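J.: Please find one structure pasted underneath; my questions will follow.
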Amino acid sequence: MGSSSRQIWLNFLSLLPGTTLTLLTIAVAFLRFYDERDFSILELIGQPRVWSNRLTVAAAVVALVNFCVEWDRRNRETGRAARAEAQAANDRAAAVQRRTEEEQRRAEERERATRRARVEVERDLAFLSFVADPSDENRRKLTQTIAVLDQYRDSL
Numbered sequence: 000m001g002s003s004s005r006q007i008w009l010n011f012l013s014l015l016p017g018t019t020l021t022l023l024t025i026a027v028a029f030l031r032f033y034d035e036r037d038f039s040i041l042e043l044i045g046q047p048r049v050w051s052n053r054l055t056v057a058a059a060v061v062a063l064v065n066f067c068v069e070w071d072r073r074n075r076e077t078g079r080a081a082r083a084e085a086q087a088a089n090d091r092a093a094a095v096q097r098r099t100e101e102e103q104r105r106a107e108e109r110e111r112a113t114r115r116a117r118v119e120v121e122r123d124l125a126f127l128s129f130v131a132d133p134s135d136e137n138r139r140k141l142t143q144t145i146a147v148l149d150q151y152r153d154s155l
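Sequence positions in the sequence shown follow numbering that gives the first Met the number 0 and run 0 to 155.
Structure follows, in structure tokens:
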């Protein structure tokens with residue numbers, strides 16, 4: 000709530016320079032182009048020309064203040080836009096990173112599945128070869144395959 004109230008006041012105060020500049024410009028024009036014959040209220044002002052000059056200087060100061068307020072507002076907007084763009088770039092980079100990691104995980108899973116299938120085929124071939132022909136060579140192939148299976152089991 001405090002931040003919202005503060006923002007309301009900042010928005011209100013940022014309107015003051017432009018509004019004040021408009022009012023000062025109207026007052027300067029009023030004092031420059033009209034006299035007591037046009038408006039009787041001007042009789043209350045002793046030296047309308049001097050007051051017009053003072054209001055012109057005040058209008059110049061307010062114009063400078065208004066310029067500074069606008070400059071600050073645009074700088075904040077530019078900064079906000081740059082931060083939003085950087086955040087979007089970071090989000091895109093994170094999404095690309097997640098996709099890359101997911102693809103890498105899938106590739107590793109496919110590689111493990113391929114390796115597991117290859118080991119299973121070697122095991123089946125060695126076992127069937129030994130069952131079909133229990134020679135020493137087939138016994139050696141079966142023993143080697145069992146050793147490979149032990150290594151594979153240990154790597155899990």
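Don't be surprised by glycine CBs; every beta carbon is placed ideally from N, CA and C. Since the model is a prediction, treat every value here as computed from it, not as a measurement.
#1: A57 to D71, Cα distance in whole Å?
#2: Counting pairs of Cβ atoms below 8 Å between the region 74-82 and the region 37-56, do you hit three or more?
#3: Span of the alpha helix (DSSP H) holding E84?
#4: Buried or exposed for V130, please, with buried defined as at least 16 other CB atoms from any protein chain shown within 10 angstroms of its CB.
#5: With a cut-off of 8 Å, do at least 3 Cβ pairs link the region 58-67 to the region 42-49?
#6: Output the distance between the C-alpha atoms of E42 and L22, rounded to the nearest integer angstrom.
#7: Note down, in chain order, each residue of its chain lying with its Cβ closer than 8 Å to the Cβ of L30, except the 5 sequence neighbours on either side.
#8: With three or more beta-carbon pairs closer than 8 Å as the criterion, would you say the region 111-118 touches the region 87-98?
#9: Tell me whether P169 is buried or exposed, calling it buried when 16 or more other Cβ atoms sit within 10 Å of its Cβ.
#10: Got a sec, what are the start and stop residues for the alpha helix (DSSP H) E136 sits in?
#11: Compare the Cα-Cα distances from R122 to each of E107, S4, N65, Y151 and report the closest residue.
#12: Looking at the structure shown, is E42 part of a helix, part of a strand, or coil, going by DSSP?
#13: Report the rounded CA-to-CA distance for L12 versus N65, giving the unit in angstroms.
T.: So, from the listed chains and residues:
#1: In a straight line, the C-alpha of A57 is about 21 Å away from that of D71.
#2: No, the region 74-82 is not in contact with the region 37-56.
#3: Per DSSP, E84 is one residue of the alpha helix (DSSP H) stretching across 47-131.
#4: With fewer than 16 other Cβ atoms within 10 Å, it is exposed.
#5: Note that the region 58-67 does not touch the region 42-49; fewer than 3 beta-carbon pairs, one per stretch, sit closer than 8 Å.
#6: Between the C-alpha atoms of E42 and L22 there is a straight-line separation of about 20 Å.
#7: Within the same chain, L30 has close Cβ partners L41, I44, P47, R48, W50, S51, L54.
#8: Judged by Cβ distances under 8 Å, the region 111-118 makes no contact with the region 87-98, as fewer than three pairs qualify.
#9: Since the displayed the chain opens at 0 and closes at 155, residue 169 lies outside it and no answer follows.
#10: Following the DSSP letters along the chain, one finds E136 inside the alpha helix (DSSP H) bounded by residues 135-154.
#11: Nearest of E107, S4, N65, Y151 to R122, Cα basis: Y151.
#12: Three-state DSSP puts E42 in a helix.
#13: The straight-line gap separating the alpha-carbon atoms of L12 and N65 is approximately 11 Å.
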